[in-house]
Structures are given as structure tokens and as C-alpha cells.
DNA sequence: GCCAACGTTGGC
DNA sequence: GCCAACGTTGGC
């Protein structure tokens, strides 16, 4: 079982949206970065746990946790000509982009701000703090424990 | 809105 | 394959 951090813009898809899904899980899609795609396709597995991160918003930070309930499959949006995520170069035989399904685990009482994470010595090696722009990131077990402990404090 | 840090594109 | 120009991400 591995840990990850997934970024989402809450205006598009928030932890509340994930909790509101009628069937109990939501599709994590729209990834259009190769490094993130490779992680999603090759390393993210069913049962892995996810820090749900809100980006590009008033208080960026970790908003809750989720669990992967379906491993990578071709992102349907790449074939949808009306979708902003449409990719004309992608084919059904050789899909370029992938998505996973996640189910909510916990919603933090308050978003754990990025600014707070930056103050935590135990988190100084987090990919989030070292390489800001990756939307799917590996998280170590120690980092997972530190983040979830801060969220309860 | 600004801007730094990337990633991508395309000419050569 | 190099690299300049351009686009995107995302914090502030």
C-alpha cells in the first residue's frame, strides 16, 4: 500500500464534491502532465491512500484523505471533443491519458494550509515543497503520519 | 495580477 | 539534439 498526494482545484472538484458523489466514489481525471500520468498509470494501485490537496484557491493545503478504489484506466475525457481535456492525438488503441477512481476517507475540520506544512521540519522533503507543480506525488508513510497528525491538532 | 518554475513546441 | 519562445501551474 502506497501513499500519494493528489491536487485538485476546489472550484473544479473539492473534497466536498468527492463526499457528495452519489455512488460513493469519484473519477480523478484531467491529468495532462506526463510525469503525473506515469505515476498514475504505473504506480498508483487500488487500496492506496491519498492526501486530497486543494490548489489555486484562497487557502491552498490538504483538505482531507481518500482511497484509490480503481486503478488506472483510460481517461474518457481525452476522447470527448467537447471536453477541455480532449486530446485529438489520443486513440482508443493507444490512449495517452489515464485516470483513477477514489473514495473519500476523511474531511479535515479545516484545510491544513501549505504555509503550515512548510513550517514542519518532518515535511521538508515532501515533493509538494520541493517540486511544487506536480499534480500526483508520492508521499512517504512518515509524511502521511505527520500530515494527518497535524490535521488533528 | 504578477511572476517563478517548470514543461512543451518547433525551427534549425 | 539544442535552445528560444511560448504556455501552464500555482503560490502570493
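Numbering (the UniProt record's numbering), first residue to last: 1 to 153.
Quick reminder that beta carbons are idealized off the backbone N, C-alpha and C, glycines included.
All values reported here derive from a predicted model rather than from experimental measurement.
Close-in-space but distant-in-sequence residues of the same chain around residue i (CB under 8 angstroms, 5 per side omitted)
{"i": "residue 113", "result": "59, 60 and 61"}
{"i": "residue 107", "result": "15, 16, 19, 63 and 64"}
{"i": "residue 123", "result": "117, 129, 143, 146 and 147"}
{"i": "residue 83", "result": "77"}
Helix, strand or coil at residue i [DSSP, three-state]
{"i": "residue 104", "result": "strand"}
{"i": "residue 175", "result": "Outside the modelled stretch of the chain, which goes from 1 to 153, sits residue 175, for which no answer is possible."}
{"i": "residue 147", "result": "helix"}
{"i": "residue 10", "result": "coil"}
{"i": "residue 134", "result": "coil"}
{"i": "residue 32", "result": "coil"}
{"i": "residue 122", "result": "helix"}
{"i": "residue 96", "result": "coil"}
{"i": "residue 141", "result": "helix"}
{"i": "residue 88", "result": "coil"}
{"i": "residue 22", "result": "coil"}
{"i": "residue 76", "result": "helix"}
{"i": "residue 59", "result": "coil"}
{"i": "residue 127", "result": "helix"}
Residue from the options whose Cα sits closest to the Cα of residue i
{"i": "residue 117", "options": "99, 141, 25 and 129", "result": "129"}
{"i": "residue 65", "options": "43, 36, 104 and 125", "result": "104"}
{"i": "residue 28", "options": "93, 56, 90 and 74", "result": "74"}
{"i": "residue 110", "options": "87, 152 and 46", "result": "152"}
{"i": "residue 80", "options": "139, 24 and 90", "result": "90"}
{"i": "residue 25", "options": "85, 67 and 141", "result": "67"}
{"i": "residue 135", "options": "119, 51, 45 and 88", "result": "51"}
{"i": "residue 6", "options": "149, 150 and 127", "result": "127"}
Terminal residues of the beta strand (DSSP E) in which residue i lies
{"i": "residue 118", "result": "Element bounds for residue 118: not the beta strand (DSSP E) but the alpha helix (DSSP H), 114–118."}
{"i": "residue 52", "result": "49–54"}
Spatial neighbours of residue i in its chain, beta-carbon cut-off 6 angstroms, leaving aside the 5 residues before and after
{"i": "residue 41", "result": "72 and 98"}
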